[in-house]
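Q: Heads up: the sequence shown begins at 3 in our numbering, then just goes up one per residue.
Take this structure first; my questions come after.
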Amino acid sequence: KTATISSNWITPIRVRNFNAVCTEARIFSDFITQEIRIETDNGTENPKNEKAEPLSLEIKNFIDAIEGKNDLVVKPEQAVNVTKVAEAALLSSQRGTPIYLDLR
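Below you can see the structure in the form of structure tokens.
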């Protein structure tokens, strides 16, 4: 499987988009409107998304998990993989070459 991930947070205007072009789909997200769009050969899907401040939700979930009220939404292994992707994106931009990861 292959994915190309693109994100930009340094723009002269307020644009906060995320794009992932994968083998089987293209995923688009607008962090300002919190819109999510998944495009595949079968059409476009707009998953329902609870609009809320993401950091607040993450902190609440973490505290609730510590107190035994629920499970973590983001597992530690997933958080590590996200960090690896972010680090690879930075390294790729510095080197000007693709970075290949084996995330399992």
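Don't be surprised by glycine CBs; every beta carbon is placed ideally from N, CA and C.
Alpha carbon to alpha carbon, how far is Ile-61 from Asn-51?
A: Numbered from 1 along the sequence shown, position 59 holds the residue referred to as residue 61. Numbered from 1 along the sequence shown, position 49 holds the residue referred to as residue 51. Cα-Cα distance, rounded: 18 Å.
Q: Got a sec? Which residues, its chain only, sit under 7 Å from Asn-83 by beta carbon, not counting five neighbours each side?
A: Position 81 of the sequence shown holds residue 83. Around Asn-83: Leu-105.
Q: Which of the three DSSP states is assigned to Thr-85 in this structure?
A: Indexing the sequence shown from 1 puts residue 85 at position 83. Three-state result, Thr-85: helix.
Q: Between Ile-29, Gly-45 and Phe-33, which lies nearest to Arg-39 when the distance is taken from Cα to Cα?
A: For the purposes of this step, residue 39 is taken as the residue at position 37 of the sequence shown. Looking at the Cα atoms, Ile-29 is the closest of the given residues.
Q: Per DSSP, what are the beta-bridge partners of Asp-32 in this structure?
A: As a position in the sequence shown, residue 32 is number 30, starting the count at 1. Asp-32 pairs with Asn-19 and Glu-37.
Q: According to DSSP, what are the bridge partners of Gly-45?
A: Within the sequence shown, residue 45 is the residue found at index 43, counting from 1. Looking at the DSSP assignment, Gly-45 forms a beta bridge with Thr-42.
Q: Closest Cβ-Cβ distance between Thr-85 and chain B: below 8 Å?
A: This model lacks chain B altogether; it includes just one protein chain.
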